[in-house]
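Participant: Residue numbers for the sequence shown follow the numbering used here, beginning at 94 and rising by one. For each residue, glycine too, the CB sits at the ideal point set by N, CA and C. I am attaching a structure below and will ask some questions about it afterwards.
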Amino acid sequence: MSARPTIAVVVPCFNEEAVVELFHDRLAGVMLPLGVAWTVIYVNDGSSDRTLRCLEALQAKDVHAALINLSRNFGKEIALTAGLDHVSADAVIVIDADLQDPPELIPSLIAEWRAGYDVVYAQRRTRDGETWLKRKTADGFYRLMQHLGARGIHLPRDTGDFRLLSARALSALLQMREHHRFMKGLFTWIGFPSKGVPYDRARRKGGSSSWTYWQLWNFAVEGITSYTVMPLKAATYLGLLVAMLAVLYGGVLIVRTLLFGNAVPGYPSLMAVVLFLGGAQLVTLGVIGEYLGRVFNETKHRPLYWIETHRPSRLMPHDAGAASWQATGPDVT
Ligand code: UDP
Ligand code: MG
């Protein structure tokens with residue numbers, strides 16, 4: 094680590110015209126007094142509003158700002174990856190544009206990094222401005238992931254993507270090129286000394302969260318199926334359990350017929366068994382389908398994203414050089 098470290102900040106932006114300027118001002122207000130060489134890479138993730146124009150204006154005005162404009166909306170996880178691919182710094186900070194992650198926490202993240210931690214994640218104390226249902230579902234999700242997680246991997250609770258990564262943690266992260274990128278899982282999977290820094294999560298300063306409950310559900314499915322094969326095992330055991338119960342029930346039926354004769358043809362019990370087995374089979378097939386779909390997507394080996402335009406920051410133009418193994422579109426400056 095040099096005496097004057099370089100810090101990069103990566104910000105994915107999707108329809109954030111209401112907040113990007115405010116965000117940049119607050120970020121600059123935090124970064125300038127730190128006395129580090131810093132750059133901020135905004136990734137426009139196919140916004141349909143004026144976000145791109147705001148970011149272009151920012152980039153033209155501030156020598157610290159870089160802009161990557163993706164060719165369409167790829168989703169936050171991939172937008173983030175596009176930004177991270179273009180980082181060359183001693184440490185990188187990942188932060189949302191909507192000011193729910195307070196830039197004022199960055200000095201504490203950097204302090205822990207200087208103290209020797211490779212991954213410093215911001216850990217929410219409160220979730221102000223989120224509905225009861227969202228809090229509860231998020232809670233349940235973290236708890237479920239905790240139980241499903243592979244041994245030795247501990248997904249920290251109440252953490253978003255807001256965190257700092259050292260250069261070696263970043264290079265480890267970037268070597269994972271899967272399409273189904275559950276970033277929280279990937280951040281944790283790489284390991285390295287990690288530390289949480291608590292903070293209070295604020296309300297969005299403008300715009301609206303682009304997550305619907307359907308998307309959150311999909312995110313949870315994505316998280317589980319790209320993180321663990323536990324549901325496949327669960328399907329196996331469910332099948333075994335049902336089969337065992339069926340054998341027991343068969344025994345009961347035989348004994349009952351021998352003792353009491355065949356009193357009433359068992360239409361209700363038959364229906365119950367058939368429906369239950371049908372349901373169990375469909376669920377199991379669905380689980381397998383989720384994984385098969387992901388295998389299908391990964392085997393296509395498509396590039397993760399395409400860049401329409403890339404404007405490196407004038408202060409650190411070397412962020413233009415993306416790693417050689419990376420597959421992206423042409424950089425148009
Ligand atoms: N985002 C993105 N692409 C998307 C959706 C979101 O780059 O398709 C960005 C968004 O601009 C914001 C961050 O990801 O900076 C978090 O999004 P949001 O606030 O909607 O999610 P939440 O805070 O509810 O998790
Ligand atoms: Mg948000």
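Closest by CA to P396, which one among G209, A182, T174?
Facilitator: Of the residues G209, A182, T174, the one whose Cα lies closest to the Cα of P396 is T174.
Participant: Apply the 10 Å Cβ neighbour rule to T318 and answer buried if 16 or more other Cβ atoms are within range, or exposed otherwise.
Facilitator: buried
Participant: Per DSSP, V213 forms a beta bridge with which residues?
Facilitator: L257, K288
Participant: Taking the straight line between their C-alpha atoms, what separation do you get for W131 and Y320?
Facilitator: 33 Å
Participant: Does the separation of the CB atoms of E197 and E391 fall below 7 Å?
Facilitator: no
Participant: By the three-class DSSP mapping on this structure, what secondary structure does D178 have?
Facilitator: helix
Participant: Identify the continuous alpha helix (DSSP H) that holds T230 and give its terminal residues.
Facilitator: 225 to 241
Participant: Nearest to V366 by alpha carbon, out of A336, T377, V322?
Facilitator: Closest by alpha carbon: A336.
Participant: How should N162 be labelled, buried or exposed, when 16 other C-beta atoms within 10 angstroms of its C-beta is the threshold for buried?
Facilitator: buried
Participant: Find the nearest neighbour of R387 within the set R274, Y306, Q193, V340, judged by alpha-carbon distance.
Facilitator: Check the Cα spacing between R387 and each of R274, Y306, Q193, V340: the tightest is with R274.
Participant: Pull up the distance between the alpha-carbon of E149 and that of L160, whole angstroms please.
Facilitator: 7 Å
Participant: Take S201 and list the residues in its own chain whose beta-carbon comes closer than 7 Å to its own, dropping the five residues that flank it on each side.
Facilitator: V290
Participant: Between the Cα of A231 and those of L331, I134, F312, G344, spot the shortest distance and give me the residue it belongs to.
Facilitator: For A231, the nearest C-alpha among the options comes from F312.
Participant: Going by DSSP, what residues sit across from I161 in a beta bridge?
Facilitator: V136, H403
Participant: Let me check understanding here. Comparing Cα to Cα, which of P126, A111, L120, I171 lies closest to L145?
Facilitator: A111
Participant: Could you check if D138 belongs to the surroundings of the ligand UDP, using beta carbon to heavy atom distance under 6 Å?
Facilitator: yes
Participant: Check the C-beta distance from I100 over to A208 and give it rounded, since I have them as a contact under 8 Å.
Facilitator: With a Cβ gap of about 15 Å, I100 and A208 do not count as contacting.
Participant: Name the DSSP bridge partner or partners of W131?
Facilitator: Per the DSSP secondary-structure output, W131 pairs in a beta bridge with I100.
Participant: Across the region 368 to 385 and the region 251 to 270, are there enough close Cβ pairs to call them in contact, namely three or more that are closer than 8 Å?
Facilitator: no
Participant: List the DSSP bridge partners of T252.
Facilitator: Q216
Participant: Please go through the same chain and pick out, in chain order, the residues whose beta-carbon is closer than 8 Å to the beta-carbon of S417, but skip the five residues on each side of it.
Facilitator: Residue placement at S417 is flagged as unreliable, the pLDDT there being 34, under the threshold of 50; the coordinate-derived value follows with that caveat. The answer is none, since no qualifying residue turns up.
Participant: Could you say which of S259, S164, Y135, G168 lies nearest to Q427 if we only look at CA atoms?
Facilitator: Within the shown structure, residues of the chain are numbered from 94 to 426, placing residue 427 beyond reach of any answer.
Participant: So L258 and V212 are in contact, right, with Cβ under 8 Å, and what is the actual spacing, rounded?
Facilitator: 6 Å
Participant: From what residue to what residue does the beta strand (DSSP E) around V185 run?
Facilitator: For V185, the uninterrupted beta strand (DSSP E) run begins and ends at 184 to 187, by DSSP.
Participant: Express the C-alpha separation of D189 and D118 in angstroms, rounding to a whole number.
Facilitator: Their backbone Cα atoms lie some 14 Å apart in a straight line.
Participant: Would a C-beta distance cut-off of 7 Å place P98 and V123 closer than the cut-off?
Facilitator: no
Participant: What's the gap between the Cα of V187 and the Cα of L263?
Facilitator: If I take the Cα positions, the gap works out to 11 Å.
Participant: Is it the case that the CB of D189 approaches a heavy atom of the ligand MG more closely than 6 Å?
Facilitator: yes
Participant: Quick one: give me the first and last residue of the alpha helix (DSSP H) that V340 is part of.
Facilitator: 323 to 353
Participant: Out of V180, V156, F255, S164, point me to the one whose CA is closest to D191's CA.
Facilitator: Looking at V180, V156, F255, S164, the one whose alpha-carbon comes closest to that of D191 is F255.
Participant: Report yes if the C-beta distance between G141 and W399 is below 7 Å; otherwise report no.
Facilitator: It is worth fixing the name first, because residue 141 is Ser in this sequence and not Gly. No, the pair does not count as a contact, with Cβ atoms beyond the cut-off.
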